[in-house]
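So the protein sequences, as listed, match chains A and B.
Mapping of the first sequence onto our numbering: residues 1 to 422, in sequence order.
Mapping of the second sequence onto our numbering: residues 1 to 219, in sequence order.
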Amino acid sequence: MSRSQEGQVRPPSADPLVRLVHAQRGHMSVRQRAEGADVLVSRLRSARPYGWSLRPALAVVAAIAIVLAGIGIGRYEARALSFAVAGGHVARDGVIEADPGVAATLHFSDGSDVAFAPGAHMALRRVDGQGASLALTAGTAYVDIAHRPLARWSFEAGPFVIAVTGTAFRLGWNATQEELEVKMDRGSVEVRGPLSDGPIALRSGQHLFVRVRQRETVIRDNDEGAALEIPSEGAMPSAQHVDAAPTAIAASGAVSPPTVRARTNSALDVDWQGLLAGGDFETIIRQAQRRGLEETMAGVASSDLAALADAARYSRHDDIARRALVVQRHRFPGSPAARDAAFLLGRLEETVRNSGAAVDWYARYMQEDPNGTYASEALGRKMILVQQISGASEARAAAAEYLSHFPDGPYRARAQAFTRAP
Amino acid sequence: MSNSRRPWEGGPGRPPLRLVGQSAATEPDDVTLVRGLVAREEWAARAVWNRYAPLVYGVLDRALGSSAESEDLTQEVFWRLFAAIGTLRDPGALRSFIYSSAIRMLRWHLRAKRVRRFLSLSESGEVPELSSEASDVEGRELLRRFYVMLDTLSANVRTAFVLRQVEGLSLQEIVDATGASLATVKRRIRGASLKLEKLAKADPDFANYLARPRGSDES
């Protein structure tokens, strides 16, 4: 029997056992963390917070705020945002006026920022606890909105409205040429305007150009190098200069599936992402079923399709989840959501013990997004399934691949065991 | 026509106008998170969960050997954290506060389990589930028996033992986390070690597995 420095009796057999415990237990997966956060926030919104009953005055104020705002605000709600203008000031009518020769920046108390390029004109229309509404009347702004549940921001640019929850993007409006540009860096937005029946959903990595007079809407992917530049008058290219690679939507507004990545059907007028964040999965499923699942999946934005798939997975409607994920990949090929769908399809197949199909999906995810959020999980799970299906020798190659990519990953111990197996 | 690049022509261009930092640079520190929690901001609740839930889940799951129990308890730890956040005097000590809450929850849960087992005629006390991903069949069985042995310990003794032997905490850290005296912590760990060693010796397969020579897989 050995003794530690503090004189504690420590059984000689403890160490290999401790290693085994650490190898096999205590690892919180990405899915567990994401679902746990949603469940927790859902509880916070629906339950009476501790101590709330001791603050009736605040409850009254909150109730008045709800009435004034005209929207249902959960009990767990932020105070109204404060803001400050660096390099300028806000005039009485809400117009943000920059100091001479300086590019102004609006800083909000939740960490959101809106920075204006020289010459940009913007007006602040509304500020409340959920966000703000601003109108870009000319020029370019860089928008970086802190992601918060229930956040509600909107940006007007001419006849367009860009709805934002937690996003970073560049926004440009040329009032003379009536041209809009939205370049996404992070998150997602919905753009409503005169050329589409419903909102156009944009995600990280997408770049939208709209020329109102030509009735032309273009969406590009992975346009990382293009600078935000609203051309001056008389310098606009003709239609044939538009690259064949981007997807063009005809002036009539008709959509040509499956390459078009914008939603042009009528809006479903639902807040599935809000319902998902609130843990109300069954409502999402019921709404989709009421409208017809196939029709719904064919018409909603990518973000709503992802919300439907998540709600179906969490509420064990595996068939609906599978269908929504497949439609995501078909309608929005190459998008981040489509890539994630490959991993989630693998998880679904694994749940029903369809190991071969699961391995295929994980392999596809690794091909499409080798550095994606789920890469470690996909490679690790694929390795385990290969061992179950084909035995130790087949798993050895998968294990070596895992260790080369994720030497400190959660599946390290198993991968090491597989590489040593005879 | 101007030579300047049009947005839809693609290719390298001027760097974007950006006067704000990237999301990584704006990660809130613990003091900011605590302020957000006190103000009942949902973003703070999510941020605290994302930052500390893996830590809490990890220690609970290693102590209990059950993902389902660990997930439920992790939720409870944070639920009670949000209720008690106003009692946190030092916002910079958020991590310690959360860890101590997790340990208290663990002890409460273990006590409740023992009471239920004592009162129930049918509950066997076996661990409800083990990792289904374990490729080491013998290791899986070993862990099952280990958690059965841990179930024979009282809540306080098991907690002290797990914190010391599995989590690797120092004695003083265990004192800080549990509120027990140093002498009590030492006594509990010694008692657990002696009992587990006795149980392990009485289980030949368990003892044989642990006595088997290991390869060079130290990590």
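For glycine and all other residues, C-beta sits at the position ideal for the given N, C-alpha and C.
Listing by chain order, which chain C residues have their CB less than 9 angstroms from the CB of residue i?
i: residue 57 of chain B; result: Chain labels in this structure do not include chain C; the protein chains are A and B.
Can you list the residues of chain A that residue i reaches, using a CB-CB cut of under 8 angstroms?
i: residue 166 of chain B; result: 18, 21 and 22
i: residue 173 of chain B; result: Ordered by position in chain A, no residue passes the 8 angstroms Cβ test against residue 173 of chain B, which lies about 12 angstroms from the chain.
i: residue 62 of chain B; result: 21, 22, 25 and 26
Under 9 angstroms Cβ-Cβ, which residues of chain B neighbour residue i?
i: residue 44 of chain A; result: 40, 42, 45, 79 and 82
i: residue 152 of chain A; result: By Cβ distance, chain B contributes nothing, its closest Cβ being about 13 angstroms from residue 152 of chain A, past 9 angstroms.
i: residue 125 of chain A; result: By Cβ distance, chain B contributes nothing, its closest Cβ being about 21 angstroms from residue 125 of chain A, past 9 angstroms.
i: residue 213 of chain A; result: Neighbours of residue 213 of chain A on chain B: none; closest Cβ ~15 angstroms, over 9 angstroms.
i: residue 286 of chain A; result: Result: empty, since nearest Cβ-Cβ is about 25 angstroms, beyond 9 angstroms.
i: residue 396 of chain A; result: By Cβ distance, chain B contributes nothing, its closest Cβ being about 12 angstroms from residue 396 of chain A, past 9 angstroms.
i: residue 313 of chain A; result: Residues of chain B passing the Cβ test: none, with the nearest at roughly 16 angstroms.
i: residue 331 of chain A; result: None at all; the shortest Cβ gap to chain B is about 22 angstroms.
i: residue 290 of chain A; result: Correct list: empty, because the minimum Cβ distance to chain B is about 29 angstroms.
To the nearest angstrom, how far is it from the Cα of residue i to the Cα of residue j?
i: residue 363 of chain A; j: residue 320 of chain A; result: 23 angstroms
i: residue 145 of chain B; j: residue 46 of chain A; result: 41 angstroms
i: residue 402 of chain A; j: residue 71 of chain B; result: 27 angstroms
i: residue 387 of chain A; j: residue 394 of chain A; result: 7 angstroms
i: residue 83 of chain B; j: residue 54 of chain B; result: 20 angstroms
i: residue 368 of chain A; j: residue 30 of chain A; result: 19 angstroms
i: residue 131 of chain A; j: residue 201 of chain A; result: 20 angstroms
i: residue 417 of chain A; j: residue 375 of chain A; result: 20 angstroms
i: residue 61 of chain B; j: residue 26 of chain A; result: 5 angstroms
i: residue 176 of chain A; j: residue 158 of chain A; result: 10 angstroms
i: residue 161 of chain B; j: residue 126 of chain A; result: 57 angstroms
i: residue 191 of chain A; j: residue 97 of chain A; result: 26 angstroms
i: residue 129 of chain A; j: residue 42 of chain B; result: 12 angstroms
i: residue 134 of chain B; j: residue 415 of chain A; result: With a pLDDT of 42 at residue 134 of chain B, under the threshold of 50, the predicted position of this residue should be treated as unreliable, and no value is reported.
i: residue 142 of chain B; j: residue 164 of chain A; result: 52 angstroms
i: residue 203 of chain B; j: residue 69 of chain B; result: 27 angstroms
i: residue 213 of chain A; j: residue 365 of chain A; result: 41 angstroms
i: residue 430 of chain A; j: residue 409 of chain A; result: The structure shown has nothing for residue 430 of chain A, since chain A only spans 1 to 422.
i: residue 272 of chain A; j: residue 284 of chain A; result: 6 angstroms
i: residue 20 of chain A; j: residue 139 of chain B; result: 7 angstroms
i: residue 115 of chain A; j: residue 304 of chain A; result: 29 angstroms
i: residue 154 of chain B; j: residue 199 of chain B; result: 15 angstroms
i: residue 85 of chain A; j: residue 209 of chain A; result: 29 angstroms
i: residue 327 of chain A; j: residue 317 of chain A; result: 16 angstroms
i: residue 15 of chain A; j: residue 103 of chain B; result: 22 angstroms
i: residue 218 of chain A; j: residue 140 of chain A; result: 19 angstroms
i: residue 76 of chain B; j: residue 105 of chain B; result: 8 angstroms
What residues from chain A crowd round residue i, counting only those whose CB sits closer than 9 angstroms?
i: residue 76 of chain B; result: The contacting residues do not exist; residue 76 of chain B stays about 10 angstroms from chain A at best.
i: residue 143 of chain B; result: 17, 20, 21, 24 and 25
i: residue 53 of chain B; result: 28, 32, 33, 36, 37 and 40
i: residue 146 of chain B; result: 17, 20 and 21
With DSSP as the reference, please indicate the residues paired to residue i in a beta bridge.
i: residue 166 of chain B; result: Bridge partners of residue 166 of chain B: none, in fact.
i: residue 192 of chain A; result: A:161
i: residue 182 of chain A; result: A:171 and A:208
i: residue 200 of chain A; result: A:191
i: residue 127 of chain A; result: A:132
i: residue 151 of chain B; result: Looking at the DSSP assignment, residue 151 of chain B forms no beta bridge with any residue, so it has no partner.
i: residue 153 of chain A; result: A:164
i: residue 140 of chain A; result: A:172
i: residue 122 of chain A; result: A:96 and A:136
List, in order along the chain, the chain A residues whose C-beta lies closer than 7 angstroms to that of residue i?
i: residue 50 of chain B; result: 33 and 37
i: residue 71 of chain B; result: 32 and 36
i: residue 65 of chain B; result: 25
Name the chain B residues that come within less than 7 angstroms of residue i, Cβ to Cβ?
i: residue 203 of chain A; result: Those do not exist, as residue 203 of chain A stays about 16 angstroms from chain B at its closest Cβ, beyond 7 angstroms.
i: residue 316 of chain A; result: Chain B residues near residue 316 of chain A: none, gap ~15 angstroms exceeds 7 angstroms.
i: residue 347 of chain A; result: Ordered by position in chain B, no residue passes the 7 angstroms Cβ test against residue 347 of chain A, which lies about 13 angstroms from the chain.
Strictly below 8 angstroms CB to CB, what residues from chain B border residue i?
i: residue 339 of chain A; result: Chain B residues near residue 339 of chain A: none, gap ~20 angstroms exceeds 8 angstroms.
i: residue 192 of chain A; result: Under the 8 angstroms cutoff, chain B gives no residues; its nearest Cβ is about 20 angstroms from residue 192 of chain A.
Note to self: Is it the case that the region 147-158 of chain A contacts the region 38-48 of chain B, given that we only count it when at least three CB pairs across the two stretches are under 8 angstroms?
What the structure shows: yes
Notebook entry, point to check: Mind pulling the alpha helix (DSSP H) runs of 4 or more residues that sit fully within the region 320-364 of chain A?
Noted result: 336-351
Note to self: Any contact between the region 159-171 of chain A and the region 179-190 of chain A? By contact I mean 3 or more CB pairs, one from each, below 8 angstroms.
What the structure shows: yes
Check: Mind pulling the beta strand (DSSP E) runs of 3 or more residues that sit fully within the region 76-120 of chain A?
Finding: 83-86, 88-90, 95-98, 105-108 and 113-116
Notebook entry, point to check: Pairing CB atoms from the region 328-348 of chain A with CB atoms from the region 192-209 of chain A, are three or more of them under 8 angstroms?
Noted result: yes
Item checked: Sequence ranges, alpha helix (DSSP H) only - wholly within the region 94-120 of chain B, length at least 4 -> 94-119
Notebook entry, point to check: Okay, do the region 311-320 of chain A and the region 341-351 of chain A touch, 3+ Cβ pairs below 8 angstroms being the bar?
Noted result: yes
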